[in-house]
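To keep things clear, I will list the structure first and then write my remarks on it.
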Ligand SMILES: CC(C)(COP(=O)(O)OP(=O)(O)OC[C@H]1O[C@@H](n2cnc3c(N)ncnc32)[C@H](O)[C@@H]1OP(=O)(O)O)[C@@H](O)C(=O)NCCC(=O)NCCS
């Protein structure tokens with residue numbers, strides 16, 4: 003079960019035919035403001051797309067394309083990948099600016115964490131962001147990650163958040179109990 007569904011989104015694997023949609027996102031300076039070195043070229047987008055497809059084939063987890071269930075449009079990406087030259091697994095997300103502020107990154111991230119902990123049996127999932135990327139930090143907090151340290155990855159200063167499988171399972175249990183009350 004590599005494809006997931008949430009209330010408003012389909013999370014499906016990337017295909018080569020997603021290039022145009024991905025480039026629309028990756029070439030947008032505002033979307034890419036805190037991501038890597040900023041807006042990407044066609045060549046960089048193509049490399050990124052191939053890497054995302056290959057990551058799934060090699061590791062059994064990766065980034066999903068986020069599809070708006072209302073209109074079947076590709077509106078972003080979210081998922082799990084290796085943190086910059088480490089064996090740690092990182093949660094990442096990026097959305098078309100038109101869709102910001104509706105809780106969609108949180109919704110997709112919850113599905114990605116569930117997959118990572120319950121299907122892949124990861125012991126820990128981390129996330130990093132440039133310190134000034136407050137929206138991203140807020141998403142991390144809303145899905146249960148905790149600030150751990152300042153760090154340096156991808157050639158820049160970042161804040162590093164994490165959640166263990168144990169804490170994830172505990173919070174899931176608490177949520178289930180609350181729903182029963
Ligand atoms: C980060 C990103 C994915 C968030 O997507 P989103 O769907 O808008 O996120 P959500 O709606 O689930 O949650 C965003 C939260 O951040 C808050 N937020 C947004 N902008 C903020 C700001 N400038 N300062 C403080 N909080 C902010 C929102 O209020 C919301 O929190 P709340 O629910 O408590 O009100 C989106 O902004 C994006 O694609 N950014 C560009 C790519 C990027 O930076 N990716 C992360 C790289 S580390």
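In our numbering, the protein residues as written are 3 to 183. Using N, Cα and C, we set each Cβ at its ideal position, and we do this for glycine too. Remember, it's a predicted structure, so these values are computed and weren't measured experimentally.
Cβ-Cβ separation, residue j to residue i (assumed contact under 8 Å), whole Å
i: residue 97; j: residue 78; result: 4 Å
i: residue 36; j: residue 111; result: Between residue 111 and residue 36 the Cβ distance is about 16 Å, and since that is not below 8 Å, they are no contact.
i: residue 113; j: residue 13; result: 6 Å
Beta-carbon contacts of residue i that lie in its chain and below 7 Å, excluding the five residues immediately before and after
i: residue 150; result: 162, 163, 164
i: residue 64; result: 54, 57, 58, 81, 82, 83
i: residue 147; result: 129, 163, 164, 165
Exposed unless 16 or more other CB atoms sit within 10 angstroms - verdict on residue i
i: residue 109; result: buried
i: residue 122; result: exposed
i: residue 3; result: exposed
i: residue 47; result: buried
i: residue 215; result: Since the displayed the chain opens at 3 and closes at 183, residue 215 lies outside it and no answer follows.
i: residue 170; result: buried
i: residue 28; result: buried
i: residue 92; result: buried
i: residue 11; result: buried
Cβ neighbours of residue i in the same chain (closer than 8 Å, five flanking residues each side left out)
i: residue 51; result: 16, 18, 20, 21, 24
Sequence ranges, alpha helix (DSSP H) only - wholly within the segment 26-97, length at least 4:
Whole alpha helix (DSSP H) segments, 4+ residues: 44-61.
Which runs of the alpha helix (DSSP H), 4 residues or longer, sit entirely within the segment 93-132?
Note on the segment 93-132: whole alpha helix (DSSP H) runs with a minimum of 4 residues are 106-116, in chain order.
Decide yes or no for the touch test of the segment 80-88 against the segment 17-37: beta carbon pairs closer than 8 Å, at least 3 of them.
These segments do not touch.
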